[in-house]
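Encoded as structure tokens, the structure appears first; notes follow it.
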Amino acid sequence: MLNKESPMPMYYQIEEDIRRKIDQGIFMRGAPIPSERELSETYGVSRMTVRQAVSNMVRNRLLYREKGRGTFVAEQKFEQPLQGVTSFSEDMKRRGLSSHNELLTFETRMPDETTRELLDLNEEEVYHLKRIRYADDEPMAIEETFIPVRLFPELDARRLEELSFYEYIETETEQSIGRARQTIEAGIAGTEEAEPLAIQEGDAILQIERVGYLSTGSPFERNISIYRSDRYKFISDMYRQH
Numbered sequence: 257m258l259n260k261e262s263p264m265p266m267y268y269q270i271e272e273d274i275r276r277k278i279d280q281g282i283f284m285r286g287a288p289i290p291s292e293r294e295l296s297e298t299y300g301v302s303r304m305t306v307r308q309a310v311s312n313m314v315r316n317r318l319l320y321r322e323k324g325r326g327t328f329v330a331e332q333k334f335e336q337p338l339q340g341v342t343s344f345s346e347d348m349k350r351r352g353l354s355s356h357n358e359l360l361t362f363e364t365r366m367p368d369e370t371t372r373e374l375l376d377l378n379e380e381e382v383y384h385l386k387r388i389r390y391a392d393d394e395p396m397a398i399e400e401t402f403i404p405v406r407l408f409p410e411l412d413a414r415r416l417e418e419l420s421f422y423e424y425i426e427t428e429t430e431q432s433i434g435r436a437r438q439t440i441e442a443g444i445a446g447t448e449e450a451e452p453l454a455i456q457e458g459d460a461i462l463q464i465e466r467v468g469y470l471s472t473g474s475p476f477e478r479n480i481s482i483y484r485s486d487r488y489k490f491i492s493d494m495y496r497q498h
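This is how it looks when you write it as structure tokens:
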């Protein structure tokens with residue numbers, strides 16, 4: 257199976273073959289791969305060579321180890337383009353996955369100073385939403401959203417269970433979404449993030465903060481989302497300026 261005459265190292269050829277088997281479904285995601293002994297016999301190389309290949313794939317989060325159980329194929333990460341303004345529900349629908357929310361908080365309140373400045377508010381209330389977002393019943397993100405009440409006075413929890421917020425804007429109001437500005441930072445999960453996302457304290461997370469603007473230029477939401485970094489990665493096409 258390996259080309260020993262190739263200048264490509266044996267461990268790299270093993271990595272490529274394991275990748276191919278994952279892509280073809282021979283090694284299923286979430287399932288264990290053969291042991292180092294079995295792989296060394298299959299490829300006709302030393303266990304040290306196999307260990308180097310597997311360790312590289314663990315380091316790149318394509319595989320993961322569980323003490324006393326073996327090495328498993330990691331779940332595929334969702335690739336989220338940074339171009340375009342879409343909601344979580346729209347992203348999941350585009351991928352052919354079902355999505356739903358667990359609504360933790362829906363209330364009206366006075367905003368903090370940062371929210372007031374970002375949403376260009378005076379002394380007025382905002383809706384405060386906090387939700388766990390699921391894809392095919394797996395928790396993916398915790399979202400906290402602040403929305404000016406005056407822009408959507410009819411908004412209620414029932415509507416958000418039936419429609420995504422973006423769908424609500426576009427189908428039930430005469431307003432349209434124009435653009436958004438967001439920042440992405442790395443972080444570490446604490447107790448408040450770990451339990452609802454079904455991860456461990458100390459695991460890496462991605463924190464995305466977005467301010468959305470209507471086509472009129474008015475800011476309509478401040479959204480702070482905590483994503484599982486083991487299930488999400490963000491991609492962007494960039495072009496050199498001349």
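Counted the way my numbering counts, the sequence shown spans residues 257 to 498. Note that beta-carbon positions come from the ideal geometry of N, C-alpha and C, so glycine has one too.
Classify residue i as helix, strand or coil using the three-state DSSP reduction.
i      : result
LYS479 : At residue 479 the sequence reads Asn, which differs from the Lys that was named. In the structure shown, ASN479 sits in a strand (DSSP, three-state: E or B).
PRO290 : coil
TYR320 : strand
GLU451 : helix
GLU297 : helix
ASN357 : strand
ARG276 : helix
GLU457 : coil
So, for residue i: in the same chain, excluding its five sequence neighbours on each side, which residues have a beta-carbon less than 8 Å away from its beta-carbon?
i      : result
GLU430 : none
PHE283 : ILE274, LYS277, ILE289, VAL329
TYR320 : VAL314, THR327, PHE328, ALA330
Examine the ligand MG and report whether any of its heavy atoms sits within less than 8 Å of the Cβ of residue i.
i      : result
PRO367 : Judged by which ligands are present, the structure shown has none, so any question about the ligand MG falls away.
Taking residue i as part of the alpha helix (DSSP H), name the residues at either end of that continuous run.
i      : result
VAL467 : Looking at the DSSP string, VAL467 is not in any alpha helix (DSSP H); the run it does join, the beta strand (DSSP E), is 460 to 470.
TYR312 : According to the sequence as given, residue 312 is Asn; it is not Tyr. Where ASN312 is concerned, the enclosing alpha helix (DSSP H) stretches over 303 to 315.
So, does the CB of residue i fall closer than 9 Å to a CB anywhere in chain C?
i      : result
GLU381 : No chain C is present in this structure, which holds just one protein chain.
Identify the continuous beta strand (DSSP E) that holds residue i and give its terminal residues.
i      : result
GLY326 : 326 to 329
Who are the Cβ neighbours of residue i in its own chain at under 6 Å, not counting the five residues just before and after it?
i      : result
SER311 : none
LEU385 : PHE362, THR401
*Segments assigned beta strand (DSSP E), at least 3 residues, entirely inside the stretch 359 to 438*: Runs of beta strand (DSSP E) with 3 or more residues, each lying fully within the stretch 359 to 438, are found at 382 to 391, 394 to 404, listed in chain order.
*asked:* For the pair the stretch 283 to 295 and the stretch 324 to 331, tell me if three or more CB-CB distances fall below 8 Å.
replied: Cβ pair count under 8 Å is three or more, so yes.
_Touching by the beta-carbon criterion (3+ pairs, under 8 Å), the stretch 437 to 450 and the stretch 409 to 428_ = Because the criterion of three Cβ pairs below 8 Å is not met, the stretch 437 to 450 and the stretch 409 to 428 do not touch.
*Could you tell me whether the stretch 257 to 267 touches the stretch 292 to 312, where touching means 3 or more Cβ pairs closer than 8 Å?*
With a cut-off of 8 Å, the stretch 292 to 312 and the stretch 257 to 267 count as touching, because enough Cβ pairs lie within range.
*Take every Cβ of the stretch 386 to 397, pair it with every Cβ of the stretch 447 to 465, and state whether three or more of those distances are shorter than 8 Å.*
Short answer: they touch.
*Taking 8 Å as the threshold, find out whether the stretch 399 to 407 comes into contact with the stretch 381 to 388 through three or more Cβ pairs.*
Verdict: yes, contact present.
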